[in-house]
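Contents: one structure, followed by commentary.
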Amino acid sequence: MRGLLTVLVLSLASLAAQAEPIAPASLTELARRSDLVAVAQVRDTDYRMRREIPVSGSAYLRPLITYKGDDTVEIFEIYEKGLHERACYFPNPTVFEEGRRYLVFLVRDPDDPERFRAHPEGCALDVLVDRDNRYALRYPADGIRLGDKLERLAIPMNFADRYAIVADEDLLPQRRDLLLARGAIEAYGEDRWIFLFGIPLHEARRLIDPAALADRVYSK
């Protein structure tokens, strides 16, 4: 679970370095500003690392559901550089693992239109699979600074997704205690926790104004 630990360490470092906080944005606003909105799965990453923390490079994702953008694309690239709040880095799956799934909101990279970059608010929300094989946003949804009140949509869920389980060593104590206080996780075996709530993906989708997705490019 080193990937999770890396993300958390990076988050702490970036928060300390952030001079001005980024204002939250709604899902509709993010979608309107995005060139690509999709549920996608991480296939590979190619990062330059410093002390096991990514500092620049690309992730390669496979789209599963495309809401906005070219739905003929089989793999797309997300480039990130530097350490900052909501930096868009992803854990790399091993050859034995299935990659994590995310709901991503991305813009074309002005330096290379063949790849994508994150919004200042972030780029991705964790997507898990429940025991009925349906997608749901993991709750709390904390990968993007959102203005939407998602707690009203969160419901108890039985996840069949291995990424609903997190090792204790990969949760910062403050984060673990907050999740426990909110009833969002419970113990799952020894030194592990499991997330208990999710937001059905179709419910989250309803928060996005269809006009914000209007310029989707369809395949022929």
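Mind the numbering: the sequence shown is residues 1 to 220 in my numbering, read in order. Ideal Cβ placement from N, Cα and C applies to all residues, glycine included.
- Item | Rounded straight-line distance, which links the Cα of leucine 83 to that of arginine 51 | Stepping through the sequence shown from its first residue, residue 51 is reached at position 51. Stepping through the sequence shown from its first residue, residue 83 is reached at position 83. The straight-line gap from Cα to Cα measures roughly 13 Å.
- Task: Can you have a look at asparagine 92 and say buried or exposed, based on whether 16 or more other CB atoms are within 10 angstroms of its CB?
- Result: Your numbering for residue 92 matches position 92 in the sequence shown. Of the other Cβ atoms in all chains shown, 16 or more fall within 10 Å of the Cβ of asparagine 92; this residue is therefore buried.
- Query: Among residues of its own chain, excluding the 5 on either side of aspartate 148, which ones have a beta-carbon nearer than 8 Å to its beta-carbon?
  - Reply: One-based indexing of the sequence shown puts residue 148 at position 148. The residues are Ser26, Leu27, Leu207.
- Message: Please give me, in chain order, every unbroken run of the beta strand (DSSP E) with length at least 3 that falls completely inside the segment 78–155.
- Response: Runs of the beta strand (DSSP E) inside the segment 78–155: 101–109, 112–118, 124–129, 135–139.
- Starting from the C-beta of leucine 146, find all residues in its chain whose C-beta is less than 6 Å away, skip the five residues before and the five after it, and write them out in chain order. By one-based count along the sequence shown, residue 146 stands at place 146. In the same chain as leucine 146, and ignoring 5 residues on each side of it, the C-beta atoms closer than 6 Å to its own belong to Pro24, in chain order.
- Within the same chain, show all residues whose beta-carbon is closer than 8 Å to that of valine 7, passing over the 5 residues directly before and after it, in chain order. Looking up residue 7 in the sequence shown gives position 7. Because the pLDDT of valine 7 is 47, which lies under 50, any placement of that residue in the model is unreliable, and the question is left without a value.
- Message: Once the 5 residues before and after isoleucine 185 are set aside, which same chain residues still bring their CB inside 6 Å of it?
- Response: Residue mapping note: residue 185 aligns to position 185 of the sequence shown, counting from 1. Hits under 6 Å: Leu179, Trp193, Phe195.
- Message: leucine 201 and alanine 136 - do their beta-carbons sit closer together than 9 Å?
- Response: Looking up residue 136 in the sequence shown gives position 136. Looking up residue 201 in the sequence shown gives position 201. With respect to leucine 201, alanine 136 sits close: the two C-beta atoms are nearer than 9 Å.
- Message: Applying the 10 Å Cβ sphere with the 16-neighbour rule, what's the burial state of glutamate 261?
- Response: The question about residue 261 has no answer here: the residues shown for the chain are numbered 1 through 220.
- Query: Can you name, in chain order, every residue of its own chain whose Cβ lies under 8 Å from the Cβ of glycine 198, other than the five neighbours on each side?
  - Reply: One-based indexing of the sequence shown puts residue 198 at position 198. Setting aside the 5 residues that flank it on each side, glycine 198 is surrounded in the same chain by Leu128, Asp130, Ala136, Leu137, Arg138, Tyr139, Ala154, Ile155, Met157, Phe159, each with a C-beta closer than 8 Å to its C-beta; the list follows chain order.
- Residue range of the beta strand (DSSP E) that arginine 50 falls in? Within the sequence shown, numbered from 1, the residue matching residue 50 stands at position 50. Start and end: 36–50.
- Coil, strand or helix - threonine 66 by DSSP: Here residue 66 refers to the residue found at position 66 when the sequence shown is read from its first residue. Reduced to three states, the DSSP call for threonine 66 is strand.
- Message: Using only CA atoms, which one of Pro120, Gly122, Val39, Arg43 lies nearest to valine 263?
- Response: With the chain represented from 1 up to 220, any question about residue 263 goes unanswered, as that position is not in the structure.
- With distances taken from CA atoms, which of Tyr79, Gly143, Leu30, Ile75 is nearest tyrosine 102? The residue you call residue 102 lines up with position 102 of the sequence shown. Checking every option, the nearest Cα to that of tyrosine 102 belongs to Gly143.
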